[in-house]
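Notes follow the structure.
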Amino acid sequence: MAKPQPKLSTMLKLEQFHSLMEELSEWRTRGLQDAGILGFVKGLRFSARLIYAIREHLSSSGYEVDWGHLLTEDGYSCSPECDIIIHKRGHVREWNGTTRPVMNFKFINCKDAIAVISCKSMITSVDKEHKKYIKALKPHVKEILIFAECCEPSAVKRLKKSAQAVGCKGFWYLYVCDKMKQCTKYPKEWENFLTTLEKLVGDHKRKKNKHG
């Protein structure tokens with residue numbers, strides 16, 4: 001029996017996730033993850049590609065998606081670095097943003113932040129460093145999500161449970177990769193991630209409208 005054809009709208013909104021999965025899993029299965037490329041650069045490439053995908057998905061929402069810091073309400077200090085911030089339009093300051101930017105980093109008022117997404121590479125557990133980061137971020141933003149490039153298939157349920165246990169909205173991943181370097185994608189996971197972001201933005205809009 002032929003599989004039902006997916007909606008065109010679904011194919012379009014997941015297109016960037018498919019592309020990113022194919023690129024990154026190729027590097028991992030060929031053993032190129034440890035080819036000497038700086039870890040920060042690999043991490044930034046992953047989070048930047050996610051930013052582009054989320055920006056497009058939320059393009060009609062009136063909200064922005066950026067890399068940066070959240071400024072405290074008193075303005076004296078800021079949060080730890082945030083891989084991805086979903087926030088109301090506007091920012092306090094943009095560093096190195098030009099028409100052809102090498103870096104585009106923003107300082108955003110914490111009261112304008114809707115959610116922060118922490119990006120990881122190959123994740124095996126929500127360890128002490130994750131917990132420390134989430135604890136430091138919580139005073140600045142209520143909703144924190146973890147999105148990993150990949151994890152082992154057997155770890156998915158445990159990671160989702162651990163993420164919620166430390167106060168995160170949830171855990172999502174681009175693909176799973178087993179010990180034999182067989183990588184598998186689950187587009188339903190990406191759909192659920194985007195639906196969660198839509199709901200967070202929608203809930204924030206309703207609260208804002210309710211309070212004028």
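This note's numbering applies: residue 1 is where the sequence shown begins, and numbers increase by one.
We put the beta carbon where it would ideally sit given N, CA and C, even for glycine.
Buried versus exposed call for residue i [16 or more other C-beta atoms within 10 Å across all chains shown]
i    : result
K188 : exposed
Y76  : exposed
M103 : exposed
D74  : exposed
E22  : exposed
7 Å Cβ cutoff met for residue i and residue j
i    : j    : result
R55  : V65  : yes
I84  : G68  : no
S25  : Y175 : yes
C82  : L71  : no
A148 : I117 : no
L145 : K169 : yes
L200 : A115 : yes
L8   : W190 : no
P153 : D178 : yes
C151 : Y173 : yes
F107 : R89  : no
V156 : K131 : no
Beta-bridge pairing of residue i - partner residues as DSSP gives them
i    : result
C151 : V176
H69  : F107
Boundaries (first-last residue) of the beta strand (DSSP E) holding residue i
i   : result
I84 : 82-88
I54 : Where I54 is concerned, there is no enclosing beta strand (DSSP E), although the alpha helix (DSSP H) it sits in stretches over 39-57.
Residue range of the unbroken alpha helix (DSSP H) whose run includes residue i
i    : result
T196 : 187-210
R100 : Careful: R100 lies outside any alpha helix (DSSP H) and carries neither H nor E.
R28  : 8-29
Proximity test, Cβ basis, 7 Å: residue i and chain D
i   : result
N96 : Of the protein chains in the structure, only one exists, and it is not chain D.
Pick out the complete alpha helix (DSSP H) segments inside the segment 121-172, 4 residues or longer, and give them in chain order.
-> 128-137, 156-165
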